[in-house]
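Worksheet: the structure to be examined is printed underneath.
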Amino acid sequence: MNLPPAIVRIRDELAAKPVLRAGVWLIVAIILFYVIADVQSGRLSTVGSDYAVTADRLSRSRALLERSDWNERVEAARATEEALAARFWRAENPGLAQARLRTELTALMEEHHVERPRIKLGLSQPVDDAPRRPGANQLWQIQAQVTGQAPRRRILDIIHAIASHPEKLVEEQLNITRPRTDTWGNTRFDLLVSAYFLLGGPDENTAVAASPEP
77 MNLPPAIVRI RDELAAKPVL RAGVWLIVAI ILFYVIADVQ SGRLSTVGSD YAVTADRLSR
137 SRALLERSDW NERVEAARAT EEALAARFWR AENPGLAQAR LRTELTALME EHHVERPRIK
197 LGLSQPVDDA PRRPGANQLW QIQAQVTGQA PRRRILDIIH AIASHPEKLV EEQLNITRPR
257 TDTWGNTRFD LLVSAYFLLG GPDENTAVAA SPEP
């Protein structure tokens, strides 16, 4: 293969001049040294960062192990968990949960003197993304659609009663319309609510009602 004249000339000079050839190899060696040193420097920097992170975690772990208030923290966490769990409804199964929600909504409509109330049960499904301890009851969402007629002020009272309910009852959607045939100032409302039940354990109300009298 024919090489370019410049390369041929450099090759001949390197072959004829040992000192020049040694200088070229020295330059190549210096370049390789700096390349290797740069790579090693990057690796050392990474190792140093990893070491710092590990040392920080170890220091925090030691500080946690040296704490003497673990019992108090566990009790506080348990009390918080119990307080949150008390906000949810309880039932043995989805069917009983739906029945209890219907009963509660029926009582709410009667309390606020809603005309032509209608309750239709809807979605019933587990809340899969809710955190759950092993052996704990599963959280379910139970929905119901409520329709009826009432003055607007009374509808606001119903919404307030839902929002302030001691158990987890959430207003998902509310539509209101004024019926043309109504002459009493009533407004038709269509309300979608969700109740959140912990299923698997007996309903406290059912358990109390079923317990024999002493």
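Going by my numbering, the first residue of the sequence shown is number 77, and it counts up by one from there. C-beta: ideal position from N, C-alpha, C; glycine also.
- DSSP places Glu180 inside the alpha helix (DSSP H), whose first and last residues are Pro170 to Glu187.
- It is roughly 4 Å from the alpha-carbon of Asn262 to the alpha-carbon of Pro227.
- Within 10 angstroms of the beta-carbon of Val203 lie fewer than 16 other beta-carbons, which makes it exposed.
- Taking a contact as a CB-CB distance under 8 Å, the pair Arg176 and Trp165 counts as one, their CB atoms being some 7 Å apart.
- Here the region 215 to 226 makes contact with the region 187 to 194; the two share three or more CB pairs at distances below 8 Å.
- It is roughly 16 Å from the alpha-carbon of Thr253 to the alpha-carbon of Ile235.
- Bounds of the beta strand (DSSP E) holding Asp266 are Thr263 to Leu275.
- The beta carbons of Glu168 and Leu245 sit about 19 Å from each other, so the pair does not count as a contact at 8 Å.
- Glu148 has its alpha-carbon roughly 38 Å from the corresponding atom of Glu180.
- DSSP lists no bridge partner for Glu142.
- Take Asn213, set aside five residues on each side of it, and the residues of its chain with a beta-carbon closer than 8 Å to its own are Arg166, Leu274, Leu275, Gly276 and Gly277, in chain order.
- Secondary structure at Ser240: coil, using DSSP grouped into helix, strand and coil.
- A residue is called buried when at least 16 other Cβ atoms come within 10 angstroms of its Cβ; Trp101 does not meet this threshold and is exposed.
- The closest CA to that of Leu232, considering only Ala173, Trp216 and Asn251, is found on Asn251.
- A distance below 8 Å between beta-carbons, with the five flanking residues on each side excluded, links Pro242 to the following residues of its chain, in chain order: Arg163.
- Between Ser270 and Gln217, the C-beta spacing is below 8 Å.
- When DSSP states are grouped into helix, strand and coil, Val222 belongs to the strand group.
- Judged by their CB atoms, Ser135 and Gln174 are not nearer to each other than the 8 Å cut-off.
- Ile238 and Glu247 have their C-alpha atoms roughly 7 Å apart.
- Phe265 is classed as buried because its beta carbon has at least 16 other beta carbons within 10 Å across all chains shown.
- Looking from the CA of Arg230, the closest CA among Gly198, Asp132 and Glu187 belongs to Glu187.
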